[in-house]
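If you're matching them up, the sequences are chains A and B in order. Under my numbering, think of the first position of the first sequence as 10, with each following residue one higher. Under my numbering, think of the first position of the second sequence as 10, with each following residue one higher.
Protein chains: 2
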Amino acid sequence: MSRRSGVLEFAVLGLLRESPMHGYELRKRLNTSLGVFRAFSYGTLYPCLKTLVAQGWLTEETAPDDPLAAPLAGRRAKIVYRLTSAGKEHFEDLLAQSGPDAWEDEQFGVRFAFFGHTERDVRMRVLEGRRSRLEERLERMRASLARTRERLDDYTLELQRHGMESVEREVRWLNELIETERAGRGRAKGRPADQGRDDTDPTDTTT
Amino acid sequence: MSRRSGVLEFAVLGLLRESPMHGYELRKRLNTSLGVFRAFSYGTLYPCLKTLVAQGWLTEETAPDDPLAAPLAGRRAKIVYRLTSAGKEHFEDLLAQSGPDAWEDEQFGVRFAFFGHTERDVRMRVLEGRRSRLEERLERMRASLARTRERLDDYTLELQRHGMESVEREVRWLNELIETERAGRGRAKGRPADQGRDDTDPTDTTT
DNA sequence: TTCGTCATGTAATGGGTTACATGATTAC
DNA sequence: GTAATCATGTAACCCATTACATGACGAA
């Protein structure tokens with residue numbers, strides 16, 4: 010009945026904010042533009058769209074046989090979903106939230122992806138919340154490791170070490186982002202954490 | 010009815026292989042010894058244990074009131090689960106599998122955690138399978154990024170860059186592990202990928 | 001005309017959590 | 001005696017996938 014996913018709802022509203030789309034295209038965007046995340050199946054997406062329409066946040070616009078009615082993709086478009094003003098408002102509300110939900114693993118990615126539409130103080134709170142969440146996790150891992158280190162074999166140990174390093178690395182990343190935001194270079198232009206990297210050649214990254 | 014989780018089943022069998030335990034302790038172990046992974050709730054664990062008993066892989070041993078019957082933890086032990094020989098056999102079968110399932114995100118972690126009980130050629134196949142899986146993913150990310158780079162804002166771009174770097178980092182980690190295995194230092198002693206790190210003092214974490 | 005992609009959906013199932021219910025044991 | 005932790009379980013729900021069903025369009 011409800012089908013309230015959180016991440017999916019947020020991502021759909023955010024993507025439709027920019028331009029109306031039909032379900033099939035929406036799903037592709039979830040894999041590419043926002044593509045670092047999981048790809049939702051149609052069995053998830055379409056029912057979700059239905060409920061968003063029922064909530065009054067989207068409208069369905071059917072473009073049945075008229076080829077002139079679908080100039081967007083150049084091809085047939087069956088059901089185009091458009092964000093209503095109520096939906097826009099709701100999305101703004103979601104964007105303004107900076108509570109614990111935004112720090113969780115599943116939510117944080119989408120939240121970050123729409124930072125371009127997010128107020129700066131909210132961005133700061135989300136980043137800092139995320140960081141302290143990860144630092145707590147790190148401390149728990151360290152404590153647990155200290156207690157059980159002797160009883161673990163090499164592979165288990167290596168796995169834990171690598172896991173902790175991954176978290177530590179994300180903390181460092183967040184630190185850079187927070188610093189950039191603090192310096193005021195994080196609005197919309199001037200890519201955050203720019204250190205002369207080249208996306209096509211990511212050598213010498215760690216070590 | 011079935012409640013066949015894959016990861017949980019594998020982890021439970023593997024943990025019980027070392028010593029019999031009751032459910033509560035089993036769950037703690039899943040968070041600590043194997044703790045890099047998700048923590049399963051009791052609502053998942055107990056039904057799972059029931060089905061494993063029904064399969065004949067575990068036996069329930071109730072130690073009702075006798076304090077002498079529970080020398081393991083020094084305290085009351087209600088239902089102790091013990092691996093049967095059939096269960097042991099089944100676990101060995103699972104350990105020997107090196108198919109695509111073992112390369113997926115959810116399975117790989119547990120598989121790696123039990124590498125100490127895994128044959129060397131199986132370890133190699135799993136590691137290499139995992140690596141090529143990640144390299145495919147990386148290529149898809151690169152292709153998608155090349156197609157959509159111009160249309161993306163700074164934050165989305167930064168998110169993708171960080172995501173790709175994470176995957177690249179894991180590939181490098183796998184490369185080290187594979188090299189170590191190949192050199193023959195990966196059996197049980199001689200910790201893999203040892204580069205003079207010290208687990209107890211992971212300073213230089215932040216900046 | 002057949003194949004690949006576009007496009008939309010539904011029913012069954014899977015895998016897991018939350019909230020709840022219960023009660024024993026230990027420590028204070 | 002009361003709070004925390006140990007210990008076991010169940011029912012209701014949640015989120016999402018899989019498999020299936022349907023069909024239109026474009027290109028070979």
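Just so you know, even glycine gets a beta-carbon here, dropped at the ideal spot from N, CA and C. Computed from a predicted model, the values in this text were never measured in an experiment.
Simplified DSSP state of residue i, which is helix, strand or coil
i: A/L67; result: strand
i: A/L225; result: The requested residue 225 of chain A is not part of the displayed model; chain A covers only 10 to 216.
i: B/T158; result: Sequence check: residue 158 of chain B is Arg here, not Thr. Residue state, collapsed to three classes: helix.
i: B/Q116; result: helix
i: B/A192; result: coil
i: A/P43; result: Note that residue 43 of chain A is Leu in the sequence shown, not Pro. If DSSP states are grouped into helix, strand and coil, A/L43 belongs with coil.
i: B/T127; result: coil
i: A/F49; result: coil
i: A/S107; result: coil
i: A/S14; result: coil
i: B/A79; result: Low per-residue confidence applies at B/A79: pLDDT is 39, beneath 50, and the placement is therefore not dependable, though the value from the model is reported in the following sentence. Three-state DSSP puts B/A79 in coil, outside helix and strand.
i: A/P211; result: Because A/P211 carries a pLDDT of 36, less than 50, the predicted location of this residue cannot be relied on, and the following value inherits that uncertainty. Three-state result, A/P211: coil.
i: A/Y55; result: helix
Top-ranked residue by Cα proximity to residue i, from the options
i: B/D40; options: B/V119, B/N184, B/R158, B/R170; result: Reading off the sequence shown, one finds Asn at residue 40 of chain B, where the question assumed Asp. Comparing Cα positions, the closest option is B/V119.
i: B/E145; options: B/Y55, B/V176, B/L104, B/F117; result: B/V176
i: B/L186; options: A/R181, A/G193, A/D163, A/N184; result: A/D163
i: B/E137; options: B/F19, B/S50, B/T189; result: B/T189
i: A/E148; options: A/E174, A/E159, A/G65; result: A/E174
i: A/E167; options: B/G172, B/G125, B/P29; result: B/G125
i: A/H293; options: B/Y33, B/A152, B/A122, B/T165; result: Outside the shown range of chain A, which is 10 to 216, sits residue 293 of chain A, and nothing can be said about it.
i: A/L104; options: A/S153, A/G193, A/W66, A/E128; result: A/E128
i: B/R26; options: B/F117, B/G193, B/E101, B/R151; result: B/E101
i: B/R47; options: B/V16, B/R140, B/V135, B/E179; result: B/V16
i: B/R156; options: A/G108, A/G32, A/K37; result: A/K37
i: A/R140; options: A/L35, A/V21, A/L183; result: A/L183
i: B/V180; options: B/R191, B/E115, B/R151, B/L143; result: B/L143
i: A/F30; options: A/L58, A/G52, A/S14; result: First, the residue type needs correcting, since residue 30 of chain A is Met and not Phe in the sequence shown. Out of A/L58, A/G52, A/S14, A/L58 has the C-alpha closest to the C-alpha of A/M30.
i: A/G193; options: A/R132, A/L35, A/Q116, A/S28; result: A/R132
i: B/Y33; options: B/L61, B/W66, B/K87; result: B/K87
i: A/D130; options: A/T60, A/E115, A/R191, A/E113; result: A/R191
i: B/R151; options: B/L61, B/L161, B/Q169, B/T53; result: B/Q169
i: A/L3; options: A/W66, A/G65, A/L35; result: Since the first residue shown for chain A is 10 and the last is 216, residue 3 of chain A is missing from the structure and cannot be characterised.
DSSP beta-bridge partners of residue i
i: A/H171; result: Its beta-bridge partners do not exist; DSSP assigns none.
i: B/M30; result: B/Y90
Where residue i falls, given that 16 or more other Cβ within 10 Å makes a residue buried
i: A/G96; result: buried
i: B/G23; result: buried
i: A/A63; result: exposed
i: A/S42; result: buried
i: A/P76; result: In this prediction, A/P76 has a pLDDT of 44, which is less than 50 and means its spatial position is unreliable; what the coordinates show is noted afterwards. It counts as exposed.
i: B/E98; result: exposed
i: B/E18; result: buried
i: A/S50; result: exposed
i: A/A111; result: buried
i: B/S107; result: buried
i: B/A20; result: buried
i: B/D74; result: With a pLDDT of 44 at B/D74, under the threshold of 50, the modelled position of this residue cannot be trusted; read the value that follows with caution. Burial call: exposed.
i: A/S28; result: exposed
i: B/D207; result: Reliability of the predicted coordinates at B/D207 is poor, the pLDDT of 40 falling under 50, and no value is obtained from them.
i: B/R84; result: Only weak support exists for where B/R84 lies, its pLDDT of 44 falling under 50; the value from the coordinates is given anyway. Answer is exposed; the Cβ neighbour count stays below 16.
heavy atom of the ligand HEM below 7 angstroms from residue i C-beta
i: B/M133; result: Within the structure as shown, the ligand HEM is missing, as the structure has no ligands at all.
Any 3 or more C-beta pairs closer than 8 angstroms across the segment 85 to 97 of chain A and the segment 60 to 73 of chain A: yes
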